[in-house]
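To start, the structure itself, in structure tokens.
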Amino acid sequence: DVKVTQSSRYLVKRTGEKVFLECVQDMDHENMFWYRQDPGLGLRLIYFSYDVKMKEKGDIPEGYSVSREKKERFSLILESASTNQTSMYLCASSSLLAGVEEQFFGPGTRLTVL
Amino acid sequence: AQKVTQAQTEISVVEKEDVTLDCVYETRDTTYYLFWYKQPPSGELVFLIRRNSFDEQNEISGRYSWNFQKSTSSFNFTITASQVVDSAVYFCALSPNFGNEKLTFGTGTRLTIIP
């Protein structure tokens, strides 16, 4: 069974802390994505990666960075967390090479910044 | 720029009724893909369908059907004989080119099926 896993379902951090959200997929997909989901705004793309060590900005990259050192792992980093980054964060993966039709999503991490 | 509009924020229907979720999109691409995802209370998005811009045939899968009309830039989703398990948030999304690249999502429609 294909799987995208995220390191935490719930996370509480304080303003100014550095936060790491980890995502791992076991499908050998080359593409990985980070979205945030907020009520009334749907899902918005933060960053994505088409290959190891490659990254591209999405629609709302400000305040975030990413790291992809291995194909299966894509990390989202909040350098200095702020309260407006309280949100649900969803990771996804896909593969053009494998002819996969859709993006597979992880269960999400609900981050609260106090 | 791409945009997806789901004007219905919340819909409630009584079980066994039919319900249609609307999706209108904007894109300048000639090749694009449209998707529907379901997000049940557990939170994980579940893929329902992908349709490319060259295929305007309607799709039926069990109680689910999709109506794609390029003339009105719409990709509507109908659930026939709704069930309580259909209660979820449904997202329509749009992607350029090959269809599994970056997605532009609508704001979602929360569907509640009343037993």
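These protein sequences, in sequence, are chains S and W.
Following my numbering, the numbering of the first sequence begins with 1 at its first residue and continues without gaps.
Following my numbering, the numbering of the second sequence begins with 115 at its first residue and continues without gaps.
C-beta: ideal position from N, C-alpha, C; glycine also.
- Shown here, residue 141(W) sits in coil according to DSSP, grouped into three states, outside any helix or strand.
- Proximity to residue 146(W) across 194(W), 161(W), 153(W) and 165(W) peaks at 165(W), based on C-alpha coordinates.
- Under the DSSP assignment, residue 227(W) falls in the beta strand (DSSP E) whose first and last residues are 223-228.
- In this structure, residue 137(W) lies away from residue 123(W), with their beta-carbon atoms at least 9 Å apart.
- Around the beta carbon of residue 207(W), a 10 Å sphere encloses 16 or more other beta carbons of the protein chains shown; the residue is thus reported as buried.
- Note: residue 31(S) is bridge-paired with 94(S) in the DSSP secondary-structure output.
- Residues of chain S whose Cβ lies closer than 7 Å to the Cβ of residue 222(W) are, in chain order, 42.
- Collapsing the DSSP output to three states places residue 15(S) in coil.
- Contact check between the segment 8-18 of chain S and the segment 186-200 of chain W: fewer than three CB pairs, one atom from each, fall below 8 Å, which does not count as touching.
- Residue 192(W) has its alpha-carbon roughly 11 Å from the corresponding atom of residue 204(W).
- Around residue 18(S), the same chain offers 77, 78, 79, 80 and 81 as residues with beta carbons nearer than 8 Å, after the five sequence neighbours per side are excluded.
- At the C-beta level, residue 98(S) and residue 27(S) come within 9 Å of one another.
- A Cβ-Cβ distance of about 3 Å is found for the pair residue 58(S) and residue 45(S), placing them in contact under the 8 Å criterion.
- Only exposed fits residue 176(W), as fewer than 16 other CB atoms lie within 10 angstroms of its CB.
- DSSP, read as helix, strand or coil, puts residue 103(S) in coil.
- The beta carbons of residue 43(S) and residue 161(W) sit no closer together than 9 Å.
- Interface residue (Cβ-Cβ distance to chain W less than 9 Å): residue 11(S) is not classified as such.
- In terms of beta-carbon proximity, residue 107(S) lines the interface with chain W, with at least one pair separated by less than 9 Å.
- A Cβ-Cβ separation of about 5 Å places residue 129(W) in contact with residue 229(W) under the 8 Å criterion.
- Of all alpha-carbon atoms in 225(W), 167(W), 182(W) and 156(W), the one lying nearest the alpha-carbon of residue 197(W) is that of 225(W).
- For residue 74(S), no Cβ of chain W is located within less than 9 Å of the residue's own Cβ.
- In this structure, DSSP gives residue 70(S) an extended state, which the three-state scheme calls strand.
- By the neighbour-count definition (other C-beta atoms within 10 Å, threshold 16), residue 171(W) is an exposed residue.
- Scanning chain W for C-beta atoms nearer than 8 Å to the C-beta of residue 21(S) yields nothing, as the closest lies near 15 Å away.
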